[in-house]
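Counting along the sequence shown from 1, when you hit position 88 you're at 87 in numbering that gives the first Met the number 0, and nothing is skipped either side.
In what follows, a structure is listed as structure tokens, so that the remarks can point back to it.
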Amino acid sequence: MENQISILEENSIRSKIHVIRGQQVMLDFDLAQIYGYETRRFNEQVKNNQKRFDEDFRFQLTKEEFKGLNLMSKFSTSSWGGTRKLPYAFTEQGIYMLMTVLKGDLAVTQSKMLIRTFKEMKHFIQNNSHIFAELDNIKKRLLESDLHHKETDIKIKELFSLMDKYNIKETQGVFFQGQIFDAYAKFESFLTAAKKEIILIDNYVDLSILQRLAKKKKGVNVTIYTAPKTKLTAQDVQIFNAQYPTLTLNHTTKTHDRFLIIDNSTIYHIGASLKDLGKKCFGFSVLDSSFIPMILKHL
């Protein structure tokens, strides 16, 4: 039976994601807590839909795998209904499948948060792959020289402190040819972060960009500056405003680069039109906010 629980912070969810067998996974007792179930009842729901959860969606941990997570104290005090079975791990695909099994408003809300968190973790791992490679090298060197475990812990803590340093807010990045989904997901996160206003300066705006802008929060105004030859029509703007007000379209011939301004406080310089993200290699960076009034003045 579902319990009333508060929605967990995404940071709290990140701490419950583990890497096992080379995959990012979450354990059944953590997922049960997130979805408001006792672990036993949660696993019953999954068992009743066993055909949906193949081995690459859900697998049971070995004693060695579970011991390596250092969660024995949590294991002994969690709501396991008195059982001592080893927990099940759910992969990202398995968590998507949970959306089709667990019902209710809480399940929908928490599933969306889990999907966003996994997406962010994926980008974080990609952006910091050099740190993870160094982490693996250190672990190998320490094992080869048979150094004490405490020294291993110190080295690993130093590296994770370094990762925390880089994981403040992404101020620049590069997407390579073919990373279309990842690029669009990143820029949609910029758009959905806006609370009041989005200003897009892009000479090649078309209907595909309006589809992205439709993901904005309700009440956020959009202003577009684009070339007069744009394929966007007054009718397109009218149709957009009927559902997602308010969009204002302006024409300009004074810009070459693309800029995205969020709430008049953050400005992204973008190396590709928003309609072409990921089709070829491009980069983005955050400029100093003092450039915002200067750029708008010269439009």
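Glycine is no exception: its CB is placed at the ideal position from the N, C-alpha and C atoms.
According to DSSP, residues forming a beta bridge with residue i
{"i": "residue 23", "result": "18"}
{"i": "residue 249", "result": "224"}
{"i": "residue 268", "result": "258, 284"}
{"i": "residue 59", "result": "87"}
Beta-carbon gap between residue i and residue j smaller than 9 Å
{"i": "residue 41", "j": "residue 172", "result": "no"}
{"i": "residue 179", "j": "residue 278", "result": "yes"}
{"i": "residue 185", "j": "residue 204", "result": "no"}
{"i": "residue 308", "j": "residue 183", "result": "Residue numbering for the chain in the displayed model covers 0 to 298; residue 308 lies beyond these limits and cannot be assessed."}
{"i": "residue 222", "j": "residue 197", "result": "yes"}
{"i": "residue 272", "j": "residue 202", "result": "yes"}
{"i": "residue 294", "j": "residue 239", "result": "no"}
{"i": "residue 241", "j": "residue 219", "result": "no"}
{"i": "residue 27", "j": "residue 88", "result": "yes"}
{"i": "residue 85", "j": "residue 25", "result": "no"}
{"i": "residue 269", "j": "residue 291", "result": "no"}
{"i": "residue 200", "j": "residue 232", "result": "no"}
{"i": "residue 245", "j": "residue 216", "result": "no"}
{"i": "residue 262", "j": "residue 214", "result": "no"}
{"i": "residue 60", "j": "residue 19", "result": "yes"}
{"i": "residue 285", "j": "residue 116", "result": "no"}
{"i": "residue 49", "j": "residue 36", "result": "no"}
{"i": "residue 254", "j": "residue 298", "result": "yes"}
{"i": "residue 212", "j": "residue 235", "result": "no"}
{"i": "residue 276", "j": "residue 174", "result": "yes"}
{"i": "residue 17", "j": "residue 97", "result": "no"}
Residue i (DSSP reduced to helix, strand or coil)
{"i": "residue 171", "result": "strand"}
{"i": "residue 206", "result": "helix"}
{"i": "residue 199", "result": "strand"}
{"i": "residue 54", "result": "coil"}
{"i": "residue 293", "result": "helix"}
{"i": "residue 35", "result": "coil"}
{"i": "residue 313", "result": "The first residue shown for the chain is 0 and the last is 298, placing residue 313 beyond what the model contains."}
{"i": "residue 95", "result": "helix"}
{"i": "residue 212", "result": "helix"}
{"i": "residue 218", "result": "coil"}
{"i": "residue 274", "result": "helix"}
{"i": "residue 192", "result": "coil"}
{"i": "residue 67", "result": "helix"}
{"i": "residue 240", "result": "helix"}
{"i": "residue 185", "result": "helix"}
{"i": "residue 231", "result": "coil"}
{"i": "residue 102", "result": "coil"}
{"i": "residue 47", "result": "coil"}
{"i": "residue 178", "result": "coil"}
{"i": "residue 111", "result": "helix"}
{"i": "residue 30", "result": "helix"}
{"i": "residue 42", "result": "helix"}
{"i": "residue 279", "result": "coil"}
contact_flag[the region 46-66, the region 92-106] where n(CB pairs < 8 Å) is 3 or more:
yes
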